[in-house]
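Okay, structure first, notes after.
Numbering (full-length UniProt numbering), first residue to last: 1 to 147.
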């Protein structure tokens, strides 16, 4: 599989390079819960577009744990609450949303199941998130049998 990159502006590229791709506490919670269920995964898998937080390579499932602010949860409703550097943050978050959608599209085209979880949902509903992931694993297993 050929690794594809999205076209980005020099400003975006510089900003993204300055960010580290280490796992957050919430990503660790989800990863550990999956590990205890017997799932093996890759963290921050750079071989795939978007460097997914958790990748179940055996089942072609990628998992992103998204921060509500950075990835624009309910952004149309919440952007009116921004006060400082409003124009900057609106542009930045809308750019993140567009990039997330483009990355999801690329991954799906390459046959990956793409799952996104909001950080607060993982914190509050960890078991439900794990159960949902397990249901996708089962679907992928069934698809593997059929092919």
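We treat Cβ as the ideally placed atom computed from N, Cα and C, and that holds for glycine.
Query - Short Cβ contact (7 angstroms threshold) for residue 122 with residue 55 - result: As a first step, residue 122 is located in the chain shown; it is residue number 122 there, counting from the start. As a first step, residue 55 is located in the chain shown; it is residue number 55 there, counting from the start. No, they are not a contact pair.
Query - At least three beta-carbon pairs within less than 8 angstroms, the segment 127-138 to the segment 110-117 - result: The segment 127-138 vs the segment 110-117: in contact.
Query - Three-state secondary structure assigned by DSSP to residue 64 - result: Within the chain shown, numbered from 1, the residue matching residue 64 stands at position 64. Strand at residue 64.
Query raised in the report: Does DSSP put residue 112 in a helix, a strand or coil?
Result: Within the chain shown, numbered from 1, the residue matching residue 112 stands at position 112. Correct three-state label for residue 112: coil.
Query - Where residue 117 falls: helix, strand or coil (DSSP) - result: The residue given as residue 117 occupies position 117 in the chain shown. Looking at residue 117 - three-state DSSP - the assignment turns out to be strand.
Requested in this report: Assuming residue 79 and residue 97 form a contact by the criterion Cβ under 8 angstroms, report the distance between their Cβ atoms to the nearest whole angstrom.
Outcome: For the purposes of this step, residue 79 is taken as the residue at position 79 of the chain shown. For the purposes of this step, residue 97 is taken as the residue at position 97 of the chain shown. In this structure residue 79 is not in contact with residue 97, their Cβ atoms being roughly 11 angstroms apart against a cut-off of 8 angstroms.
Requested in this report: Ignore the nearest five residues each way along the sequence and tell me which others in residue 111's own chain have a CB closer than 8 angstroms to its CB.
Outcome: Taking the first residue of the chain shown as position 1, residue 111 is located at position 111. Excluding sequence neighbours, residue 111 sits near 60.
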